[in-house]
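To convert, take the position in the sequence shown, counting from 1, and add 3; that gives my numbering.
For reference, the structure discussed in these notes is given below.
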Amino acid sequence: MTEARTVWGIGLSTIAGDGTVLDAWFPEVRTEAPSAEDAAAALVTLEALAGTDERRNVTMETVQLQIDLDAAPASTVDAYLRLHALSHLVVRPNHLNLDGIFSHLPNVAWTNAGPVHPDDAARLRPLLQRAGIQVQGLDKFPRLTDYVQPSGVRIADASRVRLGAHLSPGTTVMHEGFVNFNAGTLGPVMVEGRISQGVVVGANSDIGAGASIMGTLSGGGSVRVSIGERSLLGANAGIGIALGDDCVVEAGLYVTAGSKVVVADGPDTSQGGKRTVKASELSGQNGLLFWRNSVSGAIEVKHRAGVGVTLNEALHA
């Protein structure tokens, strides 16, 4: 399927008293321009929600925008439309330009009544408390579920998934799971560990409890780490390389690109020898099993036959 390179949005932005644009909400993201009638109807609906909230010292205004996904973000509203496009599954992670997005996202005090400028949150604290408004986070990115309700997805703890996460139907994110922006799943996936920025996980894979996948932001890196289909990243394991389809990483084992790995099968082993390689040389290969030799302590790998893990269909229906 060819992804659209232009998206449209009609939404509602929140502006602080000092003029800072705090966020933008787009109920729908379109790949084609809406008709004049549809645009007018959307604006009427949103204008009914616009206005001033004196408690938070903010004003909400309607906004219309068309953006080129191949161009860099140009404003806060532009950046939010890109995050919505990811979470509405209009575009996959890493298939749009996010260069410089952090400079367009102000730090915001996220409350149960909506965004507040951090300075106002501190200044208005007694009034906010009296109104039952609580600060739930201080960050550039809000929670996904405050803006998008992904279809066919379970999220046990909403604070663990950022706006800009791409969650395909059938995905389950358990309480300790985490999904960053510009990252996510391409089918039913069990997420009990961390999916970092830039990482995509293929259908029917399992990210075990406490597991970690290094993202492209780690150490300023540019390597795209991913996991294929039907693969298992064991509990408390981690990877800094890509896994192909039908792979398994033993629980508790962390495999970085520079890890030395002993290849336990192949032509060398028939002569009694074993080859040692950097894990980066195995990146993206299908059907691999990684484990740590409990006697020598060495990381070992061998090829495995057949399909990988099978998810519980009832949990991911």
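We treat Cβ as the ideally placed atom computed from N, Cα and C, and that holds for glycine.
- DSSP, reduced to helix, strand and coil, places Phe-144 outside both helices and strands of the structure shown, so it counts as coil.
- Taken in chain order, the unbroken stretches of beta strand (DSSP E) that lie wholly in the region 234-270 and span 3 residues or more are 263-266.
- Counted as a single uninterrupted DSSP element, the alpha helix (DSSP H) harbouring Arg-133 occupies residues 128-133.
- Runs of the beta strand (DSSP E) lying entirely within the region 62-128, each at least 3 residues long, are 111-114, 117-119 in chain order.
- In this structure Gly-243 is buried. Its beta-carbon is surrounded by 16 or more other beta-carbon atoms within 10 angstroms.
- Within the region 11-60, the complete beta strand (DSSP E) segments at least 3 residues long are 24-28, 54-56, listed from N- to C-terminus.
- Within its own chain, the residues whose Cβ lies closer than 8 Å to the Cβ of Arg-58, once the five positions on either side in sequence are excluded, are Ala-116, Leu-127, Leu-130, Leu-131, Ala-134, Ile-136, listed in chain order.
- Close CB contacts of Gly-218 within its chain, under the 6 Å cut and outside five residues either way in sequence, are with Ser-199, Gln-200, Gly-201, Val-202 (chain order).
- Inter-segment contact for the region 66-77 and the region 5-23 is present: three or more beta-carbon pairs are separated by less than 8 Å.
- Following the DSSP letters along the chain, one finds Ala-186 inside the beta strand (DSSP E) bounded by residues 186-188.
- Here Glu-284 is not bridged, per DSSP, to any residue.
- Ser-199 sits in coil when the DSSP states are folded into three classes, being neither helix nor strand.
- Counting of Cβ neighbours within 10 angstroms places Asp-81 among the buried residues, the total reaching 16 or more.
- With a cut-off of 8 Å on Cβ pairs, the region 100-115 is in contact with the region 140-153, counting three or more such pairs.
- Cβ atoms of Gly-211 and Ala-254 come within 8 Å of each other, at about 7 Å.
- Residue pairing for His-169: DSSP places it in a beta bridge opposite Gly-187.
- The beta carbons of Gly-167 and Leu-86 sit closer together than 8 Å.
- Listed in chain order, the non-local C-beta contacts of Ser-162 below 8 Å within the same chain comprise Gln-139, Gly-140, Arg-146, local neighbours out to five positions each way being set aside.
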